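Asks: Residue numbers for the sequence shown follow my numbering, beginning at 1494 and rising by one.
The beta carbon of each residue, even a glycine, is placed where N, CA and C say it ideally should be.
A quick note: this is a predicted structure, and the numbers were derived from the prediction, not measured.
I have a structure I would like to understand better, so I am pasting it below and will then ask my questions one at a time.
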Amino acid sequence: MTTDSLRAIRTPVSIAAVGRDTEAPSDLCAEWVHGILPNSTFALLDPEAGHYVFFCTCSVWGQSHMPDICRDAPGVDRRVIHDGAAALALDLFA
């Protein structure tokens, strides 16, 4: 992605991010793209959530075998974040 290629996109885009994403920090990724895209919206869904919060809620097996992916910060609720992302998509496509 280049600044010029992003500026050329005229299609509405909805960008969702979380505040503690160490894989793709929102200020360097999502917010940067939002600042360039001419027709975008940006939502910070949870300031304490990490990168993997967008994955489905983990099973008991997943929680015990993949803690880095399945363990969220205290107070972070994946279901709430998923509902927020779905609401953004519905708003975008309405």
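Straight-line CA distance for C1563 to E1516?
Replies: One C-alpha to the other measures close to 15 Å.
Asks: Taking only runs that begin and end inside the segment 1496 to 1581, name each unbroken beta strand (DSSP E) of 3 or more residues, in chain order.
Replies: Listed in chain order, the complete beta strand (DSSP E) runs (minimum 3 residues) inside the segment 1496 to 1581 are 1506 to 1511 and 1533 to 1539.
Asks: I'd like the list of long-range same chain contacts for D1514, defined as Cβ closer than 7 Å, with 5 residues on each side in sequence excluded.
Replies: Excluding sequence neighbours, D1514 sits near G1543 and H1544.
Asks: Between E1541 and F1535, what straight-line distance do the alpha-carbon atoms span, to the nearest angstrom?
Replies: Near 17 Å, if we compare the C-alpha coordinates of F1535 and E1541.
Asks: Closest by CA to G1577, which one among A1510, L1499 and E1524?
Replies: It is A1510.
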